[in-house]
Amino acid sequence: MALHIHLDPVGGMAGDMWIAALLDAFPQHEAAMLAAIGAAGLPGDWRCALAPHRDHALTGKRFLVEHAHGPDCGHGHEHGGAHHHHGHTPFRDIRRWLTGSTLAPAVARRAVAIFALLADAEARVHGYDDLDQVTFHELGEWDSIADIVGAAHLIETIGAASWSVAPLPLGAGRVQSAHGSLPVPAPATALLLAGFQTFADGLQGERVTPTGAAILKHLGCAPGLDATPRRLVGTGIGFGTKVFPGISNVVRALAFEDGAQGADWRWEPIVQIAFEIDDQTPEDLGVALERLRAVPGVRDVAQAAVTGKKNRLAVRVQVIAAPEHRDAAIAACFAETTTIGLRVSEQRRAVLIRREDRTPSGLRVKRARRPGGAVTAKAEIDSARDAGGHAAREALRRRAEAEAEALPGPDDPPKDKP
């Protein structure tokens, strides 16, 4: 079952809040995550812990990273008031530590990728051309490194197929940093939040930290939940350190499994793009639709004759695309056809469990399991097009479909191609 995790930034989004929410939802990963932070080289005078926490309304967890010289409980640096224990850390040093540590290579790569997003944002704010010129001040602290390594470990271990996030509170006022007083959201955070849905609820303070924004950007979070039916399988509440009036300063994580309506089919979100054309020649439109079919993420292109405005004969074009490729598909429709406006609707389709295999006779056969267990096979005509006339093609397809019966069922994973 594919896992989807939705993040609800009630109070905002910071690295420690994200970790606390995910560990509240998936407590079985706590020990291994703390071990990963240790493997990244956490010095002996620092300590990480997950602690239960409650406020006036909710109970959940807090992720604490503390220094022996005085608790920096839960990231003073990210929520104002940095403790400078070892000052300024160049990005290249962090990259070298992480890749040279005993961390699992996939976790180290993820942690470096999140740091690289932060370094890129800092470089753009300060006008550097080279990420290696970037020096982290607050972010060079061990509490930030622990957040990012912990997040990288959890993302890798939980293995969700997709992530989404509700609109993020922007915050207001000023935040203190090594560069003096900066507006909220801090400039690097604002760059990382480009493209995310945000809102202002009038509450003062830093609501989204640079680390929180970098984790969301790394995850490629979709804006909110779509219409796909899903089964809720877990929730978690992660607290931040600040207290805001009238609102719990928490991130909530909701974990879903894609809820197939039966074992026979699954739901899949799609985008339908439709428009009419009455001023493009049929031969040019034929080329255009062929090119639309080749756009990544486009699943299907259909055309039908309709009577349009002024009683003109027109062509209705319908394009079905994967939601994450929606904008590329729209751009391609505008580029390839004469339309100047189109209709876009988010839909979902029910898809039978199916797989495509190549049979011994060399044809591609698509097999689907119907409700009740019957498996139907259909040889793709494209792979039989060289087989002489109609009778020869039909004979070849029937043979391939018979061969398909001996292949593993549509539920079994496809064999690795040699």
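For reference, each letter of the sequence shown is one residue, going 183 to 600 in my numbering.
Each residue gets a CB set at the ideal place from its N, CA and C atoms; glycine is no exception.
Computed from a predicted structure; not experimentally measured.
Going by Cα to Cα distance, which pick from the options is closest to residue i?
i      : options                        : result
Met590 : Arg537, Arg567, Ala203         : For the sequence presented, residue 590 should be read as Pro rather than Met. If we check each option's Cα against that of Pro590, Arg537 comes out closest.
Ile429 : His188, Gly194, Val488, Thr521 : Gly194
Gln500 : Ala334, Arg494, Ala221, Leu474 : Leu474
Ile459 : Ala470, Ala574, Ala217         : Ala470
Arg498 : Gly479, Leu375, Thr519, Arg244 : Thr519
Phe516 : Ala456, Asp275, Gly554         : Ala456
Phe273 : Ala213, Gln315, Val307, His188 : Gln315
Thr339 : Ala556, Ala213, Phe297         : Ala213
Phe381 : Gly406, Gly353, Gly394, Glu388 : Gly353
Leu299 : Glu587, Cys230, Ile397, Glu585 : Ile397
Pro392 : Pro411, Gly355, Asp461, Phe318 : Phe318
Ala203 : Phe297, Ser344, Asn431         : Asn431
Glu506 : His572, Pro427, Ser344, Ile337 : Ser344
Leu185 : Ala348, Val433, Val357, Leu414 : Leu414
Assign residue i to one of three DSSP states: helix, strand, or coil.
i      : result
Pro209 : helix
Pro451 : strand
Thr241 : strand
Arg278 : helix
Leu224 : coil
Ser527 : strand
Val425 : coil
Ile476 : Checking the sequence, you will find Ala at residue 476 rather than Ile. In this structure, Ala476 counts as coil in the three-state DSSP scheme.
Gln379 : coil
His270 : coil
Val433 : strand
Ser283 : coil
Cys403 : coil
Gly197 : helix
Pro253 : In this predicted model, Pro253 has a pLDDT of only 48, less than 50, meaning its place in the structure is not dependable enough to derive any value.
Asp564 : helix
Ser543 : coil
Gln462 : coil
Thr339 : helix
Arg580 : helix
Gly418 : strand
Ala368 : coil
Glu585 : helix
Gln358 : strand
By how many angstroms is the C-alpha of residue j removed from the C-alpha of residue i?
i      : j      : result
His268 : Phe378 : Confidence at His268 is low in this model, with a pLDDT of 49, below 50, so the placement of that residue should be treated as unreliable; the coordinate-derived value is given next. Answer to the nearest angstrom: the Cα atoms are 33 Å apart.
Thr423 : Lys560 : 59 Å
Ala487 : Ser346 : 39 Å
Ala360 : Pro191 : 26 Å
Gly490 : Asp198 : 57 Å
Pro592 : Glu439 : 21 Å
Val483 : Gly523 : 17 Å
Ala239 : Gln454 : 42 Å
Glu472 : Ala496 : 18 Å
Leu313 : Gln386 : 32 Å
Gly342 : Ala286 : Going by the sequence as given, residue 342 is Ala instead of Gly. Rounded to whole angstroms, Ala342 to Ala286 spans 18 Å at the Cα level.
Asp408 : Val526 : 15 Å
Lys290 : His335 : Residue identity check: residue 290 is Ala in the sequence provided, not Lys. Looking at the two C-alpha atoms, the distance is approximately 8 Å.
Ala293 : Arg551 : 41 Å
Arg481 : Glu562 : 16 Å
Pro351 : Asp466 : 48 Å
Gly404 : Ala376 : The amino acid at residue 404 is misidentified as Gly; the sequence shows Ala. Distance between the alpha carbons of Ala404 and Ala376: 13 Å.
Arg448 : Arg549 : 15 Å
Gly384 : Gly554 : 56 Å
Thr558 : Pro451 : 24 Å
Leu280 : Ala288 : 11 Å
Val477 : Ala503 : 9 Å
Thr284 : Asp568 : 55 Å
Ala196 : Arg244 : 12 Å
His211 : Gly479 : 34 Å
Pro427 : Ala437 : 28 Å
Cys255 : Glu323 : Legend: pLDDT at Cys255 = 41, less than 50; position of this residue unreliable, no value from coordinates given.
Gly402 : His572 : 48 Å
Glu587 : Asp539 : 11 Å
Arg356 : Gln529 : 42 Å
Ala556 : Ser565 : 24 Å
Leu216 : Ile337 : 14 Å
Throw me the rounded Cβ distance for the residue i and residue j pair, which I believe falls under 8 Å.
i      : j      : result
Asp325 : Val247 : 4 Å
Ala400 : Ala295 : The amino acid occupying residue 400 in the given sequence is His; Ala does not appear at that position. Going by Cβ atoms, the distance from His400 to Ala295 rounds to 6 Å, so yes, they are a contact pair.
Ala303 : Leu374 : 5 Å
Ala435 : Ile201 : Ala435 to Ile201, Cβ: 10 Å. No contact.
Thr541 : Glu585 : 4 Å
Asp227 : His249 : 6 Å
Ala370 : Val307 : 5 Å
Stretch-stretch touch, CB-based, cutoff 8 Å, three pairs: the stretch 576-583 with the stretch 534-548: Verdict: yes, contact present.
Cβ contact check for the stretch 508-515 and the stretch 529-536: 3 or more pairs under 8 Å: Under the three-pair Cβ rule at 8 Å, the stretch 508-515 does not count as touching the stretch 529-536.
Inter-stretch contact (C-beta, 8 Å, three-pair minimum) for the stretch 358-376 and the stretch 231-238: Put simply, the stretch 358-376 does not touch the stretch 231-238. Fewer than three CB pairs are less than 8 Å apart.
Cβ contact (3+ pairs, closer than 8 Å) linking the stretch 328-344 and the stretch 218-231: Yes: at least three Cβ pairs fall under 8 Å.
contact_flag[the stretch 200-218, the stretch 411-419] where n(CB pairs < 8 Å) is 3 or more: Taking a cut-off of 8 Å on C-beta distances, the stretch 200-218 touches the stretch 411-419, as three or more cross pairs fall below it.
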